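Single-structure report; data block below.
Numbering (this note's numbering), first residue to last: 1 to 174.
Written out as structure tokens, the structure is:
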């Protein structure tokens with residue numbers, strides 16, 4: 001069972017991103033073919049492609065946050081060593097968590113409102129908009145988990161060696 005969790009921990013976001021990206025590409029291809037060869041298109045195809053892209057983006061945010069692979073200015077961390085770099089990364093992770101918790105709270109409010117009001121997705125007669133809007137709280141919850149996990153790894157690296165790698169996870173030189 002540990003092996004399954006380790007594989008999920010390592011690859012979950014990549015699998016989700018690949019699945020949503022694959023769906024996005026296939027449905028766009030089908031819609032282009034339908035539009036130009038058959039002069040017909042579907043609303044559901046365009047809408048589901050849009051929502052697949054939204055899910056892809058929020059899961060990608062969690063993926064890059066896991067290893068600090070996001071675009072960032074690293075001039076200051078390169079100048080710092082030891083405790084100073086650790087404090088900076090801890091502060092950044094704290095801000096990440098604070099913002100993510102706010103986003104999670106308010107996105108849950110929006111999803112709850114859609115559920116209570118029975119708001120439907122455009123082009124569908126029986127699909128609640130909450131399924132599409134759930135991308136934000138799901139992606140943000142995964143982001144919170146990954147930031148906490150990243151902080152734990154950063155903490156361990158600091159405690160064990162007194163240094164924190166620039167990437168935060170031991171994958172870059174000091």
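Each residue gets a CB set at the ideal place from its N, CA and C atoms; glycine is no exception. This structure is a prediction, so every number in the text was calculated from the model and none was measured.
Reduced DSSP secondary structure (H/G/I, E/B, other) of residue i
i	result
residue 166	coil
residue 128	strand
residue 80	coil
Rounded straight-line distance, which links the Cα of residue j to that of residue i
i	j	result
residue 34	residue 26	12 angstroms
residue 67	residue 158	16 angstroms
residue 72	residue 3	32 angstroms
residue 23	residue 38	21 angstroms
residue 56	residue 20	6 angstroms
residue 114	residue 145	25 angstroms
residue 172	residue 7	For residue 172, the pLDDT reaches just 48, beneath the cut-off of 50, and the residue's location in the model is therefore unreliable, although a value from the coordinates is still provided. About 22 angstroms.
residue 161	residue 129	49 angstroms
residue 54	residue 17	10 angstroms
residue 102	residue 131	20 angstroms
residue 151	residue 111	29 angstroms
residue 138	residue 9	16 angstroms
residue 70	residue 61	8 angstroms
residue 29	residue 36	11 angstroms
residue 176	residue 43	Outside the shown range of the chain, which is 1 to 174, sits residue 176, and nothing can be said about it.
residue 118	residue 41	26 angstroms
Distance between beta carbons of residue j and residue i, contact taken as under 8 angstroms
i	j	result
residue 89	residue 147	Incorrect: roughly 11 angstroms between the Cβ atoms, too far for contact.
residue 46	residue 31	6 angstroms
residue 107	residue 136	4 angstroms
residue 93	residue 166	15 angstroms between Cβ atoms; not a contact.
For residue i, the first and last residue of its enclosing alpha helix (DSSP H)
i	result
residue 19	2-37
residue 45	43-67
residue 146	135-161
Nearest to residue i (by Cα), restricted to the options the options
i	options	result
residue 59	151, 140, 155	140
residue 83	155, 1, 9	155
residue 13	65, 44, 40	65
residue 176	153, 80, 122	Look at the range of the chain in this structure, 1 to 174, and you will see that residue 176 is not part of it.
Min CB distance residue i to chain C below 7 angstroms
i	result
residue 153	Protein chain content of the structure displayed is limited to a single chain, and chain C is not contained in it.
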